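Trainee: Residue numbers (my numbering): 105 to 240.
My questions will all concern the structure given below.
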């Protein structure tokens with residue numbers, strides 16, 4: 105069967121993810137996961153399930169629209185589950201899939217490392233600013 109005759113699923117099965125390749129679809133998923141709001145939403149959901157409004161409060165600074173778009177992209181990529189709870193009015197709760205939990209765990213580790221090493225970052229920023237001032 106030629107490439108033109110393959111179903112989208114068969115074509116996808118024949119691809120190998122390579123984020124450095126221009127046409128690789130993993131780039132879009134990587135962008136969703138590592139974007140500002142994707143990282144924070146996944147890290148927050150690693151703490152447990154959240155309703156939308158509580159998640160928005162936890163991810164301080166995100167607009168309702170951006171959080172909604174981020175959650176939709178994470179759901180599309182199989183990282184987040186959106187559950188509509190039977191209540192009046194209906195309530196929606198978000199949680200991580202097993203894949204989402206695995207990725208979130210790695211992101212939380214990165215967040216913890218960055219937070220731990222911030223004194224070194226601040227010192228480097230200070231030295232950089234001083235060098236830039238001395239050059240002018």
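A virtual CB, placed ideally from N, CA and C, is assigned to each residue, including glycine.
Only a predicted model underlies this, so the values are computations on that prediction, with no experimental measurement involved.
Just mark residue 217 as buried or exposed, buried being the case when its beta carbon has 16 or more other beta carbons within 10 Å.
Mentor: Label assigned to residue 217: exposed.
Trainee: By the DSSP assignment, the beta strand (DSSP E) with residue 199 in it spans what residues?
Mentor: Element bounds for residue 199: 195-200.
Trainee: Within a Cβ cutoff of 8 Å, which residues of the same chain sit near residue 121, ignoring the five residues on either side of it in sequence?
Mentor: Counting only Cβ-Cβ distances below 8 Å, and skipping sequence neighbours, we find 128, 129, 130.
Trainee: Could you check where the alpha helix (DSSP H) with residue 238 kicks off and where it finishes?
Mentor: Segment 222-239, the alpha helix (DSSP H) holding residue 238.
Trainee: Under 9 Å, do residue 241 and residue 184 count as touching if we go by C-beta distance?
Mentor: In the structure as shown, the chain begins at 105 and stops at 240. Residue 241 is therefore absent and cannot be evaluated.
Trainee: Are residue 137 and residue 181 touching if we call contact CB-CB under 9 Å?
Mentor: In contact: residue 137 and residue 181 (Cβ atoms closer than 9 Å).
Trainee: Can you list, in chain order, the residues of its chain with a C-beta nearer than 6 Å to that of residue 164? Leave out the 5 residues immediately preceding and following it.
Mentor: Within the same chain, residue 164 has no close Cβ partners at all.
Trainee: Going along the chain, which unbroken runs of the alpha helix (DSSP H) with 4 or more residues stay wholly within the stretch 139-183?
Mentor: Counting whole runs of 4 or more residues, the stretch 139-183 contains the alpha helix (DSSP H) stretches 140-149, 156-162, 168-180.
Trainee: Buried or exposed: which applies to residue 133, given that a residue is buried once 16 or more other Cβ atoms fall within 10 Å of its Cβ?
Mentor: Flag for residue 133 reads buried.
Trainee: Starting from the Cα of residue 203, find the closest Cα among 149, 235, 126 and give me that residue.
Mentor: Ranking the options by Cα distance to residue 203, first place goes to 149.
Trainee: Apart from the five residues on each side of it in sequence, which residues of its chain come closer than 8 Å, Cβ to Cβ, to residue 196?
Mentor: So the list reads 155, 156, 186, 187, 188, 189, once near-sequence residues are dropped.
Trainee: Using the three-state DSSP reduction, which class does residue 186 fall into: helix, strand or coil?
Mentor: It is a strand residue.
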